[in-house]
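Residue numbers (full-length UniProt numbering): 1 to 559. Here's the structure we're looking at; comments come further down.
Shown next, in the form of structure tokens:
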């Protein structure tokens, strides 16, 4: 870090001894610089004549704050660096200057940013941080900057210049570029995600608003700091870039207020939200209609607007906390942290504190905390959806299932038969149907009671389920009558399934003395086009009753 020296009198330069010691091994050239108002000093020392007495201003700072000169005008900034190592290559990190400059080091032209001029017509503003490498033969180096400003309400060098060895300065610049690009990428991805949610679920208004907020801060970070948009598109209009830079002033505050109002509608004021949005839109219109030379004078008003928006959102959250809203504590914590970074940016832009722009980083922290809320919200939604899906499946199962036996009911039997009759000709496969009825069931019920009768029906259902194949559909037709739909099954194979059911039921009945005399009769029919569902059931049913008339406990094929 450089060390302050007493300000010399006359035309002597103000010198710094360069002392390296920061984590980057670079020096911040903050302090007092010579300033020559309305004069562009000749970069060649030998050609300088009639040099006016210098004034002294603090860098970073604005000459209009430290002198009697207006912000609009031009001049020369000069600093002599001592303590350099002869023969070594150094690098200077040049931030954007308000609003254009031409740099010379030891009298050598090191390029310019925009075009500095003595009038507004001659000058061209441009913001783009640069790295400037230079070689010095001695222990000293003179930094001379021609700077002009005819567009902004503030002037001069707003951010620190850094000096160090080439590798150290390059690492410093690359680090800041990577950080800003990473933050920009995060904001872009989050904005797309939240806007995408709204597109596919347009009732999620809060997600849409949050996506728009992300976009406003994405624009902000692209137009400030390392000036990524100018870095990527050097020909981008400076005037449009500055108007884009102002978007968060009139965009983020009302969007944040609306976002909070959407999350906590009972705790917000609809009237205030409408008035606040109207004022913000009016300000935004002025920004785009007026040139930067005029509209940047409205920035203090916009900063006040942003503070009001922050306070309104905090008021909503305080009421939400009082009402014990579930998401209020986490959201309030995130919002307070973010508000601190916004206030930092306002103070930094006003040159009241020597920090840096932090609101994009603060907003990323806000996003992280808000994403945890989103995860919790969607976890609950998915849980409720799964619960509803299970309830729906259970209801559907109950609507097509017989509660006593667990087999499908007659309603489902008709549905399956209609489907299979429709598909059978297309597949070119046979379709068969078994109708079964428990013999002597009424006598059993009268003797042993309905409870034992239900047990018999359950046994029958279990036997049919165990005898049917995987693609068959076993059903309880009604009372003690059952049926099995057998897709892609010819009559002979269906007769085998029916015989298996009869045999298993007979063996089970023999083991239970109470079921003595209980057997099952079955009728089997194969589908014949173009008969209907009812026709197929009727033929199988007739075969069943022939089995009963012929002595029961047998399988009969339909005619």
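For every residue, glycine included, the Cβ atom is placed at its ideal position computed from N, Cα and C.
Separation of residue 166 from residue 347, as counted between CA atoms: If I take the Cα positions, the gap works out to 32 Å.
Cutoff 8 Å; reference residue 550; Cβ partners in own chain excluding five residues on either side: The residues are 556.
Rounded straight-line distance, which links the Cα of residue 505 to that of residue 544: Distance between the alpha carbons of residue 544 and residue 505: 16 Å.
Neighbourhood of residue 435 by C-beta distance below 6 Å, restricted to the same chain and skipping five residues each side: The answer, listed in chain order, is 483, 523, 540, 541, 544.
Distance between residue 48 and residue 245 (C-alpha atoms, nearest Å): Spanning the two alpha carbons is a distance of roughly 40 Å.
Touch test, the region 310–323 against the region 332–341, Cβ-Cβ under 8 Å, three pairs minimum: The region 310–323 vs the region 332–341: in contact.
First and last residue of the uninterrupted alpha helix (DSSP H) at residue 200: In this chain, the alpha helix (DSSP H) harbouring residue 200 covers 166–200.
Same chain, Cβ closer than 8 Å to residue 10, five either side skipped, listed in chain order: Legend: pLDDT at residue 10 = 36, less than 50; position of this residue unreliable, no value from coordinates given.
Short Cβ contact (8 Å threshold) for residue 433 with residue 424: Cβ atoms of residue 433 and residue 424: not closer than 8 Å.
Closest by C-alpha distance to residue 448, when choosing among 499, 518, 479: Closest in alpha carbon position to residue 448, among 499, 518, 479, is 518.
Separation of residue 61 from residue 85, as counted between CA atoms: Roughly 29 Å separates the two Cα atoms.
Limits of the unbroken alpha helix (DSSP H) element including residue 40: Premise fails: residue 40 is in no alpha helix (DSSP H) and is neither H nor E.
Selection from 467, 301, 145 that minimises the alpha carbon distance to residue 500: Residue 500 has its Cα closest to that of 467, out of 467, 301, 145.
Contacts around residue 288, its chain only, beta-carbon distance under 7 Å, and the 5 residues preceding and following it disregarded: Beyond the five residues adjoining it in sequence on each side, residue 288 comes within less than 7 Å, by CB distance, of 243 in the same chain, given in chain order.
Cβ-Cβ separation, residue 485 to residue 416 (assumed contact under 8 Å), whole Å: Taking the Cβ atoms as the reference, residue 416 lies roughly 5 Å from residue 485, within the contact range of under 8 Å.
Residue 64, DSSP secondary structure in three states: Look at residue 64 here: in three-state DSSP terms it is helix.
8 Å contact criterion, which residue 127 and residue 227 should meet: CB distance rounded: With a Cβ gap of about 5 Å, residue 127 and residue 227 count as contacting.
Residue 230, DSSP secondary structure in three states: The answer is helix: DSSP assigns residue 230 an H, G or I state.
CA-to-CA distance, residue 230 to residue 238, given in whole angstroms: Near 8 Å, if we compare the C-alpha coordinates of residue 230 and residue 238.
Close-in-space but distant-in-sequence residues of the same chain around residue 157 (CB under 6 Å, 5 per side omitted): Short of 6 Å from the beta carbon of residue 157, and not among the five residues preceding or following it, lie these beta carbons of its own chain, in chain order: 59, 60, 97.
For residue 530 and residue 481, the rounded distance between their alpha carbons: In a straight line, the C-alpha of residue 481 is about 26 Å away from that of residue 530.
Secondary structure, alpha helix (DSSP H): runs of 4+ residues fully inside the region 379–448: 410–427, 441–448, all fully within the region 379–448.
Pick from 302, 271, 547, 270 that is closest to residue 285, judged by C-alpha positions: Residue 302 is the option with its Cα nearest to residue 285.
Burial state of residue 154 (16 or more Cβ within 10 Å): Classification for residue 154: buried.
Reduced DSSP secondary structure (H/G/I, E/B, other) of residue 338: Assigned with DSSP and collapsed to three states, residue 338 falls in helix.
Distance between residue 152 and residue 7 (C-alpha atoms, nearest Å): Because residue 7 carries a pLDDT of 36, less than 50, the predicted location of this residue cannot be relied on, and the following value inherits that uncertainty. Across the structure, residue 7 and residue 152 are spaced so that their CA atoms are roughly 29 Å apart.
Top-ranked residue by Cα proximity to residue 409, from 419, 476, 461, 453: Of the candidates 419, 476, 461, 453, 476 places its Cα closest to the Cα of residue 409.
Beta-bridge partners of residue 146, as assigned by DSSP: Beta-bridge pairing links residue 146 to 76, 102.
Buried or exposed by the 16-neighbour rule on C-beta atoms within 10 Å, applied to residue 275: So residue 275 counts as exposed.
CB contact flag (residue 67, residue 33, <8 Å): Not closer than 8 Å, so no.
Buried or exposed (CB count within 10 angstroms, at least 16 for buried), residue 382: Around the beta carbon of residue 382, a 10 Å sphere encloses fewer than 16 other beta carbons of the protein chains shown; the residue is thus reported as exposed.
Unbroken beta strand (DSSP E) run spanning residue 532, endpoints: For residue 532, there is no enclosing beta strand (DSSP E), since its DSSP letter is neither H nor E.
Alpha-carbon to alpha-carbon, residue 219 and residue 254: C-alpha of residue 254 to C-alpha of residue 219: approximately 16 Å in a straight line.
Coil, strand or helix - residue 525 by DSSP: Looking at residue 525 - three-state DSSP - the assignment turns out to be strand.
Neighbour-count burial assignment, residue 119, 16 or more Cβ in a 10 Å radius: Counting Cβ neighbours within 10 Å, residue 119 comes out exposed, since fewer than 16 surround it.
Alpha-carbon to alpha-carbon, residue 102 and residue 72: Looking at the backbone, the Cα of residue 72 and that of residue 102 are separated by about 17 Å.
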